[in-house]
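**Q** Protein chains in written order, with UniProt numbering: chain A, 1 to 335; chain B, 1 to 335.
Take a look at the following structure, please.
There are 2 protein chains.
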Amino acid sequence: MTDISRRQVTLDEVAERAGVSRSAASRVINNAPHVSKAKREAVQRAVVDLGYVPNATARALATQQAGAVVLAISSDNPQVFADPFFAEVVVGVNSVLEETELELMLLLATSTRGQTRLEQLLRTRQADGVMMMSTHGDTLAELADKADVPVVFGGRPVNFEPRFYVDADNRGGARLATEHLVDKGRTRIATITGRMDEGAGTARFKGYQEALAVAGLDAGRVAHGDFSEDGGSRAMAELLSEHPDLDAVFIASDQMAIGALRVLTDAGRSVPGDVAIVGFNDIPSARHTAPPLTTVNQPIQALGREMARMLQSLMSGETPSPLILPTRLIQRAST
Amino acid sequence: MTDISRRQVTLDEVAERAGVSRSAASRVINNAPHVSKAKREAVQRAVVDLGYVPNATARALATQQAGAVVLAISSDNPQVFADPFFAEVVVGVNSVLEETELELMLLLATSTRGQTRLEQLLRTRQADGVMMMSTHGDTLAELADKADVPVVFGGRPVNFEPRFYVDADNRGGARLATEHLVDKGRTRIATITGRMDEGAGTARFKGYQEALAVAGLDAGRVAHGDFSEDGGSRAMAELLSEHPDLDAVFIASDQMAIGALRVLTDAGRSVPGDVAIVGFNDIPSARHTAPPLTTVNQPIQALGREMARMLQSLMSGETPSPLILPTRLIQRAST
DNA sequence: CCAGAAACTGGGAGCGCTTCCAGGCGACCA
DNA sequence: TGGTCGCCTGGAAGCGCTCCCAGTTTCTGG
């Protein structure tokens with residue numbers, strides 16, 4: 001703080017000013033033992049006098065530790081990250097990383113270029129750990145799981161169970177939502193699924209099926225969406241023409257629910273009078289639709305937090321167990 | 001790709017296998033001149049055979065270039081980043097960084113710890129450049145502007161004009177919105193401001209004042225909010241009791257507009273019949289309120305993109321000019 | 001008061017890569 | 001054929017830090 005010098009202050013200069021060897025200075029910086037009290041203090045004084053800050057790069061080279069972890073998001077759609085979902089994940093991740101000396105790197109592996117970068121990252125240990133969010137169970141995911149860098153997954157890709165992951169209880173949440181519909185006395189309950197090549201999509205569909213099986217109801221009214229608002233509209237229209245008798249629909253995302261809601265209203269069906277609907281995700285918009293959307297909330301920040309924690313534990317040599325975070329039903333006026 | 005060896009492959013190994021010196025190998029890796037065609041090819045072959053990937057850390061140490069830039073967000077509220085706004089900025093930033101060899105680091109400087117980190121970053125050149133989004137014109141911002149690392153600001157802090165920044169035209173957008181209200185024949189136009197300790201807050205207020213001045217209308221109906229939904233509710237209630245005659249209000253954020261809308265409806269005022277309202281930001285929810293919100297859209301991804309571009313230009317020694325991105329009115333049913 | 005243990009100390013060898021530099025060598029021109 | 005120029009080439013010196021190791025000092029306890 002004292003000296004706004006242009007040049008970077010090095011450990012050698014600190015050592016010299018303190019009248020000790022570089023080794024000694026290094027020891028006090030990393031507060032390692034075997035330094036006399038006098039020298040330790042001399043070094044500390046020199047550090048503040050000179051405004052010394054260790055050079056992270058040099059340290060990384062010497063210790064073979066990058067001092068950074070990366071949050072990698074692999075997808076074919078450059079816009080995915082615009083989803084507020086990830087912003088929340090980042091907040092969670094950051095909250096635990098903040099207690100650490102670790103830096104956070106962001107890798108949006110959307111193009112081939114990004115994918116390559118991720119691969120190299122995995123192979124060359126440029127980061128001390130990676131948090132991977134990959135929607136598709138592509139080869140990249142499996143590669144990541146096998147890499148010798150600690151990797152924890154956020155969410156599970158479809159068709160592939162990583163060794164370490166934290167996921168929201170999508171299946172349980174879907175079951176909850178569907179049961180809620182059953183409890184409301186609905187009997188002809190349809191669903192609009194998400195992308196079935198994503199873990200969340202298949203899991204939520206499974207939850208729907210389970211709940212109806214338990215209730216002894218028909219789970220045959222299904223249309224496939226893609227998590228988007230337009231997809232929801234299309235799927236709802238399809239549902240309406242194939243199964244005009246439906247009296248409720250569980251929709252695998254709020255975005256789709258918003259699209260579906262519009263189609264329903266346009267078709268003259270009242271919500272929840274004629275058909276009750278419940279969404280998933282609890283996005284902010286869900287409370288502002290007409291009627292406000294009953295939906296399933298998942299603890300997104302907690303997801304990020306737990307990913308970071310699990311990564312830490314992995315990095316310190318432990319073998320954590322996968323974690324599934326609870327989801328809960330948020331009841332509003334659409335049911 | 002060929003060899004999944006545990007150990008990192010080094011330049012020396014490549015050189016040895018290719019039968020050249022390390023210097024030569026280095027030259028071809030960085031495709032520098034002064035290497036014969038034969039050797040160049042030999043090295044290239046060795047690279048793919050061995051699956052060599054340069055060690056970024058070592059390179060960084062040798063070249064004194066980190067190979068990374070950071071996006072720093074300084075705020076006193078750990079939750080700011082949960083705002084989808086930043087997610088979009090990141091998408092924009094990433095889109096240009098993807099063409100580069102640069103890594104993206106994220107620094108959410110919310111705690112004191114984070115602040116310290118940011119300061120050190122600025123002083124020690126651990127990154128080759130920083131994109132700084134700081135709402136308050138605190139000392140940190142000024143420090144950043146003076147740092148010998150290239151720094152570009154996203155948005156302008158209040159009370160302080162950075163040398164390099166890209167910002168949305170908040171003032172122009174606010175003027176647009178207010179003029180729109182005037183055009184609709186409203187004459188008793190109030191405003192709910194954002195936080196006046198943020199650049200966006202003051203700029204939008206200024207735009208409001210300008211528009212009314214031009215129209216020769218009274219700009220005295222103002223209540224201060226804090227950009228949040230609750231703050232909007234409170235401010236609207238205040239407005240209603242202080243200036244019950246208002247027939248329109250320009251609200252400095254959609255979040256506040258949503259809160260205000262509820263208060264208005266509860267108070268029995270119809271929108272836009274009794275009072276027309278326009279928000280700012282064009283968040284997704286804005287299209288789902290009842291009635292859908294007229295608002296001002298700002299090109300957020302473009303903001304990120306331009307920040308990254310400006311930073312690049314700065315890093316390559318140029319002296320770019322500040323940039324102000326246009327905002328535009330999105331007309332919906334609330335006016 | 002002495003042997004042995006324990007704590008300190010600084011030298012030096014890296015970590016993997018870039019880059020300066022001096023020497024070598026072939027080509028080209030007169 | 002000799003001289004010059006310019007392009008290769010590899011050796012070696014770092015970039016700033018960690019950490020092993022051997023040597024020195026200080027401190028025990030008997």
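All residues carry an ideal CB built from backbone N, CA and C; glycine is no exception.
Please read these numbers as outputs of a predicted model, since none were measured by experiment.
(1) Helix, strand or coil: which one does DSSP assign to residue 191 of chain A?
(2) Determine the burial state of residue 1 of chain A: buried for a count of at least 16 other Cβ atoms within 10 Å of its Cβ, exposed for fewer.
(3) Please report whether the beta-carbon of residue 354 of chain A lies at a distance below 7 Å from any beta-carbon of chain B.
(4) At a Cβ threshold of 7 Å, is residue 94 of chain A touching chain B?
(5) Answer with buried or exposed for residue 34 of chain A, where buried requires no fewer than 16 other C-beta atoms within 10 angstroms of its C-beta.
(6) Hey, does residue 56 of chain A have any beta-carbon neighbour from chain B nearer than 7 Å?
(7) Taking the alpha helix (DSSP H) that residue 303 of chain B belongs to, which residues open and close that run?
(8) Among the residues of its own chain, which have a CB less than 6 Å from the CB of residue 106 of chain A, if the five just before and after it don't count?
(9) Please classify residue 186 of chain B as buried or exposed, where buried requires at least 16 other C-beta atoms within 10 Å of its C-beta.
(10) Have a look at residue 119 of chain A and residue 307 of chain A and give me their C-alpha separation to the nearest angstrom.
(11) Can you name the start and end residues of the alpha helix (DSSP H) that residue 77 of chain B belongs to?
(12) Run through DSSP, which three-state label would residue 108 of chain B get?
(13) Check the Cβ of residue 105 of chain B against every Cβ in chain A and list those closer than 7 Å, keeping chain order.
(14) CB residue 93 of chain B to CB residue 304 of chain B, shorter than 7 Å?
(15) To the nearest whole angstrom, what separates the beta carbons of residue 271 of chain B and residue 284 of chain B, a pair I think is in contact under 8 Å?
(16) One question on the structure: do residue 334 of chain B and residue 294 of chain B come within less than 7 Å of each other, judged by their Cβ atoms?
(17) Helix, strand or coil: which one does DSSP assign to residue 280 of chain B?
(18) Is residue 224 of chain B helix, strand or coil by DSSP?
(19) In chain order, what residues of the stretch 113 to 142 of chain A put their CB closer than 8 Å to some CB of chain B?
(20) State yes or no: is the beta carbon of residue 15 of chain B nearer than 7 Å to at least one beta carbon in chain A?
(21) Between residue 227 of chain A and chain B, is any beta-carbon pair separated by less than 7 Å?
(22) Does residue 75 of chain A come within less than 7 Å of chain B when only Cβ atoms are used?
(23) What in chain A is Cβ-close to residue 111 of chain B, meaning under 7 Å?
(24) Any chance the stretch 132 to 142 of chain B sits against the stretch 114 to 132 of chain A, with 3 or more Cβ pairs inside 8 Å?
(25) If we define contact as Cβ-Cβ less than 7 Å, is residue 61 of chain A a contact residue for chain B?
(26) Please state whether DSSP places residue 114 of chain A in a helix, a strand or coil.
(27) What's the call for residue 223 of chain B, buried or exposed, on a 16-neighbour Cβ count within 10 Å?
(28) Judging by CA-CA distance, which residue of A/75, A/79 and A/90 is the nearest neighbour of residue 114 of chain A?
(29) Report all residues from its chain with a CB closer than 6 Å to the CB of residue 208 of chain B; omit the five preceding and five following residues, and keep chain order.
(30) Could you list which residues in chain A have their beta carbon closer than 8 Å to that of residue 289 of chain B, in chain order?
(31) Helix, strand or coil: how does DSSP classify residue 246 of chain B here?
(32) Which residue or residues does DSSP assign as beta-bridge partners of residue 134 of chain A?
(33) Going by DSSP, what residues sit across from residue 153 of chain B in a beta bridge?
(34) Leaving aside the five residues before and after residue 301 of chain B along the sequence, list all residues of the same chain whose C-beta is less than 7 Å from its C-beta, in chain order.
(35) Please determine whether the Cβ atom of residue 105 of chain B lies at a distance below 6 Å from any heavy atom of the ligand ZN.
(36) Report the residue from A/103, A/140, A/166 and A/46 whose alpha carbon sits nearest the alpha carbon of residue 152 of chain A.
**A** Looking at the coordinates:
(1) Position 191 of the first sequence, counted from the first residue, corresponds to residue 191 of chain A. Of the three classes helix, strand and coil, the one that applies to residue 191 of chain A here is strand, per DSSP.
(2) Translated into the one-based positions of the first sequence, residue 1 of chain A becomes position 1. Because the pLDDT of residue 1 of chain A is 37, which lies under 50, any placement of that residue in the model is unreliable, and the number read from its coordinates should be weighed accordingly. Its Cβ having fewer than 16 others within 10 Å, residue 1 of chain A is exposed.
(3) The requested residue 354 of chain A is not part of the displayed model; chain A covers only 1 to 335.
(4) Start at 1 with the first residue of the first sequence, and residue 94 of chain A comes out as number 94. Taking Cβ atoms only, chain B reaches closer than 7 Å to residue 94 of chain A, which makes this a yes.
(5) Stepping through the first sequence from its first residue, residue 34 of chain A is reached at position 34. With fewer than 16 Cβ atoms within 10 Å of its Cβ, residue 34 of chain A is classed as exposed.
(6) For the purposes of this step, residue 56 of chain A is identified with residue 56 of the first sequence, where counting begins at 1. Yes, residue 56 of chain A lies at the interface with chain B (some Cβ there is under 7 Å from its Cβ).
(7) Position 303 of the second sequence holds residue 303 of chain B. It spans 300 to 315 - the alpha helix (DSSP H) in which residue 303 of chain B sits, taken as one unbroken run.
(8) Along the first sequence, one-based indexing puts residue 106 of chain A at 106. The answer, listed in chain order, is 71.
(9) On the second sequence, residue 186 of chain B is found 186 positions in, with the first residue counted as 1. Buried.
(10) As a working mapping, residue 119 of chain A is identified with position 119 in the first sequence. As a working mapping, residue 307 of chain A is identified with position 307 in the first sequence. When rounded, the distance between both Cα atoms is 20 Å.
(11) Start at 1 with the first residue of the second sequence, and residue 77 of chain B comes out as number 77. No alpha helix (DSSP H) contains residue 77 of chain B, which DSSP labels as neither H nor E.
(12) As a position in the second sequence, residue 108 of chain B is number 108, starting the count at 1. Strand, per DSSP.
(13) By one-based count along the second sequence, residue 105 of chain B stands at place 105. What residue 105 of chain B touches in chain A: 103, 104 and 105.
(14) Working through the second sequence from its first residue, we reach residue 93 of chain B at position 93. Working through the second sequence from its first residue, we reach residue 304 of chain B at position 304. Yes, Cβ-Cβ distance for residue 93 of chain B and residue 304 of chain B is below 7 Å.
(15) To locate residue 271 of chain B, count along the second sequence from 1; it is residue 271. To locate residue 284 of chain B, count along the second sequence from 1; it is residue 284. The Cβ separation is near 19 Å, so there is no contact.
(16) Mapped onto the second sequence, residue 334 of chain B falls at position 334. Mapped onto the second sequence, residue 294 of chain B falls at position 294. Contact: yes.
(17) Here residue 280 of chain B refers to the residue found at position 280 of the second sequence. Three-state result, residue 280 of chain B: coil.
(18) Start at 1 with the first residue of the second sequence, and residue 224 of chain B comes out as number 224. Note: residue 224 of chain B maps to strand in three-state DSSP.
(19) 113, 114, 120, 123, 124, 125 and 126
(20) For this step, residue 15 of chain B is matched to residue 15 along the second sequence. No, because no Cβ of chain A sits closer than 7 Å to the Cβ of residue 15 of chain B.
(21) By 1-based counting over the first sequence, the position of residue 227 of chain A is 227. Residue 227 of chain A does not count as touching chain B.
(22) On the first sequence, residue 75 of chain A is found 75 positions in, with the first residue counted as 1. So no, residue 75 of chain A is outside the interface.
(23) Here residue 111 of chain B refers to the residue found at position 111 of the second sequence. In chain order: 98.
(24) no
(25) By 1-based counting over the first sequence, the position of residue 61 of chain A is 61. Yes, because at least one Cβ of chain B sits closer than 7 Å to the Cβ of residue 61 of chain A.
(26) Here residue 114 of chain A refers to the residue found at position 114 when the first sequence is read from its first residue. Residue state, collapsed to three classes: helix.
(27) For the purposes of this step, residue 223 of chain B is taken as the residue at position 223 of the second sequence. Residue 223 of chain B is buried by the Cβ-count criterion.
(28) Position 114 of the first sequence, counting from 1, holds the residue named residue 114 of chain A. Comparing Cα positions, the closest option is A/75.
(29) Taking the second sequence and counting its residues from 1, one reaches residue 208 of chain B at position 208. For residue 208 of chain B, where only same-chain residues beyond five positions count, the Cβ hits under 6 Å are 174, 178, 191 and 250.
(30) Along the second sequence, read from residue 1 onward, the residue named residue 289 of chain B stands at position 289. Neighbours of residue 289 of chain B on chain A, chain order: 288.
(31) Position 246 of the second sequence, counted from the start, is the residue given in the question as residue 246 of chain B. Looking at residue 246 of chain B - three-state DSSP - the assignment turns out to be coil, as it is neither helix nor strand.
(32) Numbered from 1 along the first sequence, position 134 holds the residue referred to as residue 134 of chain A. Partner(s): A/74.
(33) Here residue 153 of chain B refers to the residue found at position 153 of the second sequence. Residue 153 of chain B is bridged to B/132 and B/165.
(34) Counting from 1 along the second sequence, the entry for residue 301 of chain B is found at position 301. For residue 301 of chain B, where only same-chain residues beyond five positions count, the Cβ hits under 7 Å are 88, 91 and 92.
(35) For the ligand ZN, the structure offers nothing, since it holds no ligand at all.
(36) As a working note, residue 152 of chain A is residue 152 in the first sequence. Checking every option, the nearest Cα to that of residue 152 of chain A belongs to A/166.
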